[in-house]
Each structure stands twice: as structure tokens, then as C-alpha cells.
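**Q** In order, the protein sequence lines correspond to chains C and V.
Quick note, the numbering used here runs 2 ahead of the 1-based positions in the first sequence.
Quick note, the numbering used here runs 15 ahead of the 1-based positions in the second sequence.
Using N, Cα and C, we set each Cβ at its ideal position, and we do this for glycine too.
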Amino acid sequence: TKSQRSIDTFFKRK
Amino acid sequence: MFEARLVQGNLLKKVLESLKDLLTEASWDCADTGIQLQAMDNSHVSLVSVQLRADGFDKFRCDRQLSMGMNLTSMSKILRCAANDDIITIKAQDQADNVTFVFESPNQEKVADYEMKLMNLDQEHLGIPETDYAAVIKLPAAEFQRIIKDLSQFGESVVISCTKEGVKFSAAGDIGVGNIKLAQTASVDKEEEAVTIEMQEPVTLTFACRYLNMFTKATCLAPQVTLSMSPEVPLVVEYKIGDMGHVRYYLAPKIED
Numbered sequence: 003t004k005s006q007r008s009i010d011t012f013f014k015r016k
Numbered sequence: 016m017f018e019a020r021l022v023q024g025n026l027l028k029k030v031l032e033s034l035k036d037l038l039t040e041a042s043w044d045c046a047d048t049g050i051q052l053q054a055m056d057n058s059h060v061s062l063v064s065v066q067l068r069a070d071g072f073d074k075f076r077c078d079r080q081l082s083m084g085m086n087l088t089s090m091s092k093i094l095r096c097a098a099n100d101d102i103i104t105i106k107a108q109d110q111a112d113n114v115t116f117v118f119e120s121p122n123q124e125k126v127a128d129y130e131m132k133l134m135n136l137d138q139e140h141l142g143i144p145e146t147d148y149a150a151v152i153k154l155p156a157a158e159f160q161r162i163i164k165d166l167s168q169f170g171e172s173v174v175i176s177c178t179k180e181g182v183k184f185s186a187a188g189d190i191g192v193g194n195i196k197l198a199q200t201a202s203v204d205k206e207e208e209a210v211t212i213e214m215q216e217p218v219t220l221t222f223a224c225r226y227l228n229m230f231t232k233a234t235c236l237a238p239q240v241t242l243s244m245s246p247e248v249p250l251v252v253e254y255k256i257g258d259m260g261h262v263r264y265y266l267a268p269k270i271e272d
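As C-alpha cells, then:
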């Protein structure tokens, strides 16, 4: 099954 | 003080319609270059980035950088009080704790002003890396909205697969499987109806329909939508705001466990 990733695992906090 | 006047006020009305289902509150960051907004939805699965350039306004004054935290549901209610052909002006004093929206009818016979309290939102911003996408698909916005609406009935995820033949949208669930294939249009009389694909390499990714459906609320903004994809990175769904900016939605993919 595919699990939903979070957007903040791709874009780093500034 | 801050003051921005937009004769084509309905653009701002449509921007709020594009955001209000996804975000409950966000900060509008104002500078002399224009107005920007960046926020994640509450589940941190998607990110929205809005840009409205200063030169797109008929009058734009921003003496000091200003960040206005707003409840977007309230802002949307206020903007619904503006007529489609109203001129909209946003005003705020520096260090203000409220913002004023002024709606003027084209013949200046009716002027309405609404004052809304601002919120203190300590929203951190995310860095979005410049990406050279494997595939960039441009298609009619209404077409994309229809595809997502139709396939959402079949499952909670849509697989978007881009090859040199074209782009395929698929969904599967209890009632069955749906596939929609779009080929690049050869020649169209109207640019806005074209489907164009720029592909460096084939790419296939899976996304949640729930967010794609919310993104297509921006269909009212622009005749076309651009989808940018690369393996294992968020999808970008972009709608232009006239010639003054854009609404960009970023959606994290669903990845094999």
C-alpha cells in the first residue's frame, strides 16, 4: 500500500 | 502604511475562493515588491504559495514590510460582499491590529468598507527548492477539474503517469478502475484549449484526490493549469492570476511503504 508523505519532509523550514 | 488598490477586484475574490477550503488562516506578507502568502494545510500534506506582484495593482504603497495574519474564512466572507466589477482596496496602518477592505462600484456611487481584526500567526515558511521538473503538463483548467472530479468517484488516489505519448490519470477502488488518457494536442485554434507536455523523462506518481479536488477550486482564476512532476517530489499545480501572479499548490506524493 502507498502511504501519504508530509510536505514538510520535502521542504525544509527556513 | 500599506495600501493596495486593484481595479480588477474579482481576481482577489477568486484567490480567496481558491484558498478557503484548504487553509483556515494564513499570513499575507506585504513588501514593496507585492503581496505573498505561503501556508501548509492543517494536515501538512500540501502547501499553497500565492504571489501578487505590486505592478499588477493600480496603486501599491508599502512603507514597511508587513505581515497580516488573517482568518481566511472571515476574509472570504468579507470579499463576498464585493461585486464582481468592484474596485478593491486593502489598507492597513503599520503595526496595525486590523485591516480595512474598501469596495467601490465602477461608477463610484457605492463605496463599502469592512474592517477585520488581524491575528498573530507565527507561521514559519518553508524553503521550496528550484526544481527542473521531469514533466511539465499544461492543459485546460476545466478539463483537469473534470478529470479529478470523475476519477475521485473510483478511489481516494489518482495515479498520474506521463510518457511521451501523453498523460494518463487513473483511479481504482471498489466499483472498478477508471483511466483517462490525454494526448498532446496537435494544433488548436485557441491556445487555452491545448494540452502540451514537456518531458525530460517519464514519471508516474500517486496523489490523494481530496487535495487535488481542493486545488481545482482555483479553476475560476485561469483558463489553463500547469502540472509539474518529478519522481519522489511534490506535484506542483499552478494557476496564473491574470498577469500579476499565481497560486501554486504543492502536494506530497503517496509513496510505497
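Pick helix, strand or coil for Gln168 of chain V, following the three-state DSSP scheme.
**A** Locating residue 168 of chain V in the second sequence gives position 153, counting from the first residue. Of the three classes helix, strand and coil, the one that applies to Gln168 of chain V here is coil, per DSSP.
**Q** Once the 5 residues before and after Thr178 of chain V are set aside, which same chain residues still bring their CB inside 8 angstroms of it?
**A** By one-based count along the second sequence, residue 178 of chain V stands at place 163. Correct list, in chain order: Met214, Pro217.
**Q** Going by Cα to Cα distance, which pick from V:Met90, V:Arg161, V:Gly260, V:Ile102 is closest to Met134 of chain V?
**A** By one-based count along the second sequence, residue 134 of chain V stands at place 119. The shortest C-alpha separation from Met134 of chain V is found at V:Met90.
**Q** Indicate the three-state DSSP secondary structure (helix, strand or coil) for Lys132 of chain V in the structure shown.
**A** Taking the second sequence and counting its residues from 1, the one referred to as residue 132 of chain V is at position 117. Lys132 of chain V: strand per DSSP, three-state reduction.
**Q** To the nearest angstrom, how far is the alpha carbon of Lys35 of chain V from that of Arg263 of chain V?
**A** To locate residue 35 of chain V, count along the second sequence from 1; it is residue 20. To locate residue 263 of chain V, count along the second sequence from 1; it is residue 248. C-alpha separation (whole angstroms): 14 angstroms.
**Q** What are the start and end residues of each continuous beta strand (DSSP E) run of 3 or more residues lying completely inside the stretch 27 to 58 of chain V, in chain order?
**A** Here the runs fully enclosed are 40 to 46, 49 to 55.
**Q** Classify Gly71 of chain V as buried or exposed, calling it buried when 16 or more other Cβ atoms lie within 10 Å of its own Cβ.
**A** In the second sequence, residue 71 of chain V corresponds to position 56, counting from 1. The residue is buried, with at least 16 neighbouring Cβ atoms inside 10 Å.
**Q** For the stretch 27 to 59 of chain V, enumerate the residues whose C-beta is nearer than 7 angstroms to any C-beta of chain C, in chain order.
**A** Going along the stretch 27 to 59 of chain V in chain order, one finds Met55, His59 with a Cβ nearer than 7 angstroms to chain C.
**Q** Can you look up Ser61 of chain V in the DSSP assignment and give me helix, strand or coil?
**A** If you number the second sequence from 1, residue 61 of chain V lands on position 46. Residue state, collapsed to three classes: strand.
**Q** In the DSSP assignment, find the alpha helix (DSSP H) that holds Leu94 of chain V and state where it starts and stops.
**A** Indexing the second sequence from 1 puts residue 94 of chain V at position 79. 87 to 94 is the span of the alpha helix (DSSP H), which, as asked, contains Leu94 of chain V.
**Q** May I ask you to report which of helix, strand or coil DSSP gives Ile163 of chain V?
**A** For this step, residue 163 of chain V is matched to residue 148 along the second sequence. Helix at Ile163 of chain V.
**Q** Among V:Phe116, V:Leu227, V:Asp112, which residue has its Cα nearest to the Cα of Leu37 of chain V?
**A** Looking up residue 37 of chain V in the second sequence gives position 22. The residue with the shortest Cα to Cα distance from Leu37 of chain V is V:Leu227.
**Q** Apart from the five residues on each side of it in sequence, which residues of its chain come closer than 7 angstroms, Cβ to Cβ, to Leu31 of chain V?
**A** Indexing the second sequence from 1 puts residue 31 of chain V at position 16. Same-chain partners within the cutoff: Leu87, Met90, Ser91, Leu94.
**Q** In three-state DSSP terms, what is Gly142 of chain V?
**A** Locating residue 142 of chain V in the second sequence gives position 127, where the first residue counts as 1. Three-state result, Gly142 of chain V: strand.
**Q** Less than 8 angstroms separating the beta-carbons of Ile169 of chain V and Ile175 of chain V?
**A** Working through the second sequence from its first residue, we reach residue 169 of chain V at position 154. Working through the second sequence from its first residue, we reach residue 175 of chain V at position 160. Before going on, a small fix: residue 169 of chain V reads as Phe here, not Ile. Taking 8 angstroms as the Cβ cut-off, Phe169 of chain V and Ile175 of chain V do not qualify as a contacting pair.
**Q** Measure the alpha-carbon distance for Ser5 of chain C versus Ser58 of chain V and round it to whole angstroms.
**A** Numbered from 1 along the first sequence, position 3 holds the residue referred to as residue 5 of chain C. Numbered from 1 along the second sequence, position 43 holds the residue referred to as residue 58 of chain V. In a straight line, the C-alpha of Ser5 of chain C is about 14 angstroms away from that of Ser58 of chain V.
**Q** Using a beta-carbon distance below 8 angstroms, is Val251 of chain V in contact with chain C?
**A** The count along the second sequence starts at 1 and reaches residue 251 of chain V at position 236. By this cut-off, Val251 of chain V is not an interface position.
**Q** In the DSSP assignment, find the unbroken alpha helix (DSSP H) run with Asn194 of chain V in it and report its ends.
**A** For the purposes of this step, residue 194 of chain V is taken as residue 179 along the second sequence, with counting starting at 1. Element bounds for Asn194 of chain V: not the alpha helix (DSSP H) but the beta strand (DSSP E), 191 to 198.
**Q** Between which two residues does the alpha helix (DSSP H) harbouring Asn113 of chain V extend?
**A** Counting from one through the second sequence, the residue named residue 113 of chain V turns up at place 98. Not the alpha helix (DSSP H): Asn113 of chain V falls in the beta strand (DSSP E), residues 113 to 119.
**Q** Counting only beta-carbon atoms, is His261 of chain V nearer than 8 angstroms to chain C?
**A** Within the second sequence, residue 261 of chain V is the residue found at index 246, counting from 1. For His261 of chain V, the answer is no, since every Cβ of chain C falls outside 8 angstroms of its Cβ.
**Q** Check this for me: beta carbons of Ala157 of chain V and Ser33 of chain V, under 8 angstroms apart or not?
**A** The count along the second sequence starts at 1 and reaches residue 157 of chain V at position 142. The count along the second sequence starts at 1 and reaches residue 33 of chain V at position 18. In this structure, Ser33 of chain V does not lie closer than 8 angstroms to Ala157 of chain V by Cβ.
**Q** Taking the Cβ atom as the reference point for each residue, do Thr231 of chain V and Lys153 of chain V lie within a distance shorter than 8 angstroms?
**A** Here residue 231 of chain V is taken as the residue at index 216 of the second sequence, counted from 1. Here residue 153 of chain V is taken as the residue at index 138 of the second sequence, counted from 1. No, the pair does not count as a contact, with Cβ atoms beyond the cut-off.
**Q** Have a look at Leu220 of chain V and Val151 of chain V and give me their C-alpha separation to the nearest angstrom.
**A** In the second sequence, the residue the question calls residue 220 of chain V occupies position 205. In the second sequence, the residue the question calls residue 151 of chain V occupies position 136. So the alpha carbons of these two residues sit roughly 13 angstroms apart.
**Q** Asp56 of chain V: buried (16+ other C-beta within 10 angstroms of its C-beta) or exposed?
**A** Start at 1 with the first residue of the second sequence, and residue 56 of chain V comes out as number 41. Buried.
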